[in-house]
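Asker:
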Ligand SMILES: [Zn+2]
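Numbering (the working numbering), first residue to last: 220 to 389.
(1) Would the beta-carbon of residue 306 be found less than 7 Å away from any heavy atom of ligand 1?
(2) Taking the alpha-carbon positions, what's the residue 320 to residue 369 distance?
(3) Could you check whether residue 230 and residue 247 sit closer than 8 Å to each other, using their CB atoms as the reference points?
(4) Might you give, ordered along the chain, the residues of its own chain that have their beta carbon closer than 6 Å to the beta carbon of residue 190, omitting 5 neighbours on each side?
(5) On the premise that residue 304 lies in contact with residue 337, defined as a C-beta separation below 8 Å, what is that separation, rounded to the nearest angstrom?
(6) Does the beta carbon of residue 365 fall short of 7 Å from some heavy atom of ligand 1?
(7) Can residue 297 and residue 315 be called in contact, C-beta distance under 8 Å?
(8) Between the Cα of residue 317 and those of 269, 245 and 340, spot the shortest distance and give me the residue it belongs to.
(9) Got a sec? Which residues, its chain only, sit under 6 Å from residue 313 by beta carbon, not counting five neighbours each side?
(10) Drop a sphere of 10 angstroms on the beta-carbon of residue 389, count the other beta-carbons inside from all chains shown, and report buried for 16 or more, exposed for fewer.
(11) Tell me the rounded alpha-carbon separation between residue 382 and residue 333.
(12) For residue 254, which residues of its own chain have a beta-carbon under 7 Å away from its beta-carbon, when the five flanking residues on both sides are left out?
(13) If residue 263 and residue 345 are in contact, beta carbons under 8 Å, what's the gap, nearest whole angstrom?
(14) May I ask whether a heavy atom of ligand 1 can be found less than 7 Å away from the beta carbon of residue 310?
(15) What residue from 236, 311 and 378 has the CA that sits closest to residue 357's CA?
(16) Return the Cβ separation of residue 289 and residue 236 in integer angstroms, given the expectation that the two are a contact with Cβ distance under 8 Å.
Right under this line is the structure:
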């Protein structure tokens with residue numbers, strides 16, 4: 220028996236804009252429970268398998284110390300036109316980019332404050348930035364390499380998390 224905290228527990232604890240109870244009620248996909256959290260260097264995201272209107276974004280901390288998560292809520296449908304994800308800058312066919320909204324951390328969040336962003340509806344930004352060849356359905360940020368796109372995705376996601384959690388500049 221391992222005495223270390225399970226990945227499942229660590230992921231729920233990393234989600235910084237929910238109560239403990241809310242985090243406990245999320246359903247984590249199997250691949251998330253299998254993650255090695257100490258080795259995550261991509262921005263990872265998923266829809267709750269049992270509540271697809273809910274989503275989680277898991278972001279490596281800028282200082283290299285683990286991951287931080289934010290819970291998000293989706294609206295009814297994706298953007299009807301072709302649109303670009305604000306995090307990974309992949310342009311998708313109509314319906315694939317959605318407005319996801321995060322409750323802000325702390326007192327602001329308890330007062331109902333939210334931060335929204337238009338992102339890949341499947342939150343698979345880390346996969347989309349690795350696509351080498353643009354297609355009508357999916358076009359990565361033009362003129363960039365996979366490594367550049369991965370690094371830029373991490374930075375934008377870290378800034379988004381900072382805005383949600385009101386961490387200020389950093
Ligand atoms: Zn994306």
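Even glycine gets a Cβ: it sits at the ideal position worked out from N, Cα and C.
Answerer: In terms of the structure at hand:
(1) Taking the chain shown and counting its residues from 1, the one referred to as residue 306 is at position 87. Distances between the C-beta of residue 306 and the heavy atoms of ligand 1 include at least one below 7 Å.
(2) Residue 320 sits at position 101 when you count from the first residue of the chain shown. Residue 369 sits at position 150 when you count from the first residue of the chain shown. So the alpha carbons of these two residues sit roughly 23 Å apart.
(3) Within the chain shown, numbered from 1, the residue matching residue 247 stands at position 28. Within the chain shown, numbered from 1, the residue matching residue 230 stands at position 11. Cβ distance < 8 Å, so residue 247 and residue 230 count as in contact.
(4) This structure gives no information on residue 190, because the portion of the chain shown stretches from 220 to 389.
(5) Against the chain shown, residue 337 aligns to sequence position 118. Against the chain shown, residue 304 aligns to sequence position 85. Rounded, the Cβ-Cβ distance is 7 Å, consistent with contact.
(6) Counting from one through the chain shown, the residue named residue 365 turns up at place 146. For ligand 1, not one heavy atom lies less than 7 Å from the Cβ of residue 365.
(7) As a working note, residue 297 is residue 78 in the chain shown. As a working note, residue 315 is residue 96 in the chain shown. Contact check for residue 297 against residue 315 passes: the beta carbons are separated by less than 8 Å.
(8) The sequence position of residue 317 within the chain shown is 98, counting from 1. Ranked by Cα distance from residue 317, the options 269, 245 and 340 are led by 340.
(9) Position 94 of the chain shown, counted from the start, is the residue given in the question as residue 313. Around residue 313: 299, 300 and 301.
(10) Residue numbering aside, residue 389 sits at position 170 when the chain shown is read from its first letter. Summary for residue 389: the model assigns pLDDT 43, below 50, so the residue's position carries little reliability; its value from the coordinates is reported in the next sentence. So residue 389 ends up on the exposed side.
(11) Within the chain shown, residue 382 is the residue found at index 163, counting from 1. Within the chain shown, residue 333 is the residue found at index 114, counting from 1. Residue 382 and residue 333: Cα-Cα distance of roughly 10 Å.
(12) Taking the chain shown and counting its residues from 1, the one referred to as residue 254 is at position 35. So the list reads 226, once near-sequence residues are dropped.
(13) Within the chain shown, residue 263 is the residue found at index 44, counting from 1. Within the chain shown, residue 345 is the residue found at index 126, counting from 1. Under the criterion of beta carbons closer than 8 Å, residue 263 and residue 345 qualify as touching, at roughly 6 Å.
(14) The residue you call residue 310 lines up with position 91 of the chain shown. Every heavy atom of ligand 1 is 7 Å or more from the Cβ of residue 310, so no.
(15) Position 138 of the chain shown, counting from 1, holds the residue named residue 357. Comparing Cα-Cα distances from residue 357 to each of 236, 311 and 378, the minimum goes to 311.
(16) Taking the chain shown and counting its residues from 1, one reaches residue 289 at position 70. Taking the chain shown and counting its residues from 1, one reaches residue 236 at position 17. Going by Cβ atoms, the distance from residue 289 to residue 236 rounds to 5 Å, so yes, they are a contact pair.
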